[in-house]
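K.L.:
Below is the structure I would like to discuss, written out as structure tokens.
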Amino acid sequence: MVKAIIGKKVGMTQIFDENGKVVPVTVIEAGPCVVVQKKTAENDGYDAVQLGFTDIKERKLSKPEQGHLKKAKVSAKKYLKEFRLEDISALNVGDELKADVFAEGDKVDVTGISRGKGFSGVIKRHGAGRTATSHGGGPVHRHAGSMGSGTDPARIFKGKMGAGQMGNVQVTVQNLDVVKVDPERNMIAVRGAIPGPRSGIVYLKNTVKN
Numbered sequence: 081m082v083k084a085i086i087g088k089k090v091g092m093t094q095i096f097d098e099n100g101k102v103v104p105v106t107v108i109e110a111g112p113c114v115v116v117q118k119k120t121a122e123n124d125g126y127d128a129v130q131l132g133f134t135d136i137k138e139r140k141l142s143k144p145e146q147g148h149l150k151k152a153k154v155s156a157k158k159y160l161k162e163f164r165l166e167d168i169s170a171l172n173v174g175d176e177l178k179a180d181v182f183a184e185g186d187k188v189d190v191t192g193i194s195r196g197k198g199f200s201g202v203i204k205r206h207g208a209g210r211t212a213t214s215h216g217g218g219p220v221h222r223h224a225g226s227m228g229s230g231t232d233p234a235r236i237f238k239g240k241m242g243a244g245q246m247g248n249v250q251v252t253v254q255n256l257d258v259v260k261v262d263p264e265r266n267m268i269a270v271r272g273a274i275p276g277p278r279s280g281i282v283y284l285k286n287t288v289k290n
């Protein structure tokens, strides 16, 4: 069964395994999430569940959002996310999912929005080189340099590296190990780093083996 949950990135720390080795982990506050909607192949063409996470005042939601949640008889939720699952027969609208849907040793894919780093040049954004800082180099040591053609085609091809916004995009890190699960605190520790800042919303789904 494919498992999924919505969580919040708490931060990074390190723990020790049974051999005394240091394991860098990211701690995630996973759930509790409630099933807001259930989609089936017969009615919608595919099997999926929509989960809600984090309570919010009802007045902060739009009228369609309020109606959607009232239909499911669920309290107002700030975040909603749909997950396609292979088997949803065991889940029903109103069911609550906690961190214990995952267990130690599971493999998960974590999706989040990476940290925005503003407008960045080609050196920071793409790892480009820079010109020598010798005399006469001029104030162009960190510039991208020439990248266009001559008279034909007389333009820059799409996809060339350049300055621009860096970060603030959806990123998925795959195949991370679940190192520890604390159901009482709804905490999951996964090996390594995940995208996003502290308190950023992330989506966990177990890795599907091809």
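Residue 81 is where the sequence shown starts when you use my numbering, and the numbers rise one by one after that.
Quick reminder that beta carbons are idealized off the backbone N, C-alpha and C, glycines included.
(1) Below 6 Å CB to CB, which residues in the same chain sit around Val-90 once its five sequence neighbours on both sides are set aside?
(2) Between the beta-carbon of Thr-93 and the beta-carbon of Val-105, is there less than 9 Å?
(3) How would you call Ala-179, buried or exposed, if buried means at least 16 neighbouring beta carbons within 10 angstroms?
(4) For Leu-171 versus Val-102, is the C-beta spacing smaller than 9 Å?
(5) Can you name the residues that DSSP bridges to Met-241?
(6) For Ser-279, I'd like the list of residues in its chain whose CB is within less than 7 Å of its CB, leaving aside the five on either flank, ordered along the chain.
(7) Looking only at DSSP bridge pairs, what is Arg-271 linked to?
(8) Taking the Cβ atom as the reference point for each residue, do Asn-255 and Lys-158 lie within a distance shorter than 9 Å?
(9) Judging by CA-CA distance, which residue of Gln-146, Lys-150, Val-190, Ala-183 is the nearest neighbour of Ala-273?
(10) Counting C-beta neighbours from all protein chains within 10 Å, is the total for Phe-182 16 or more, i.e. buried, or is it exposed?
(11) Which of the three DSSP states, helix, strand or coil, is assigned to Arg-164?
(12) Looking at the secondary structure, which residues open and close the beta strand (DSSP E) in which Gly-132 lies?
(13) On a Cα-Cα basis, can you pick out the residue from Ile-136, Leu-160, Val-220, Lys-118 that is closest to Val-282?
(14) Helix, strand or coil, according to DSSP, for Lys-143 in the structure here?
(15) Glu-138 and Ala-156: beta carbons closer than 9 Å?
P.N.:
Reading it off the structure:
(1) Val-107, Glu-109
(2) yes
(3) buried
(4) no
(5) Beta-bridge pairing links Met-241 to no other residue.
(6) Lys-88, Lys-89
(7) Val-105
(8) no
(9) Val-190
(10) buried
(11) strand
(12) 128 to 135
(13) Leu-160
(14) helix
(15) yes
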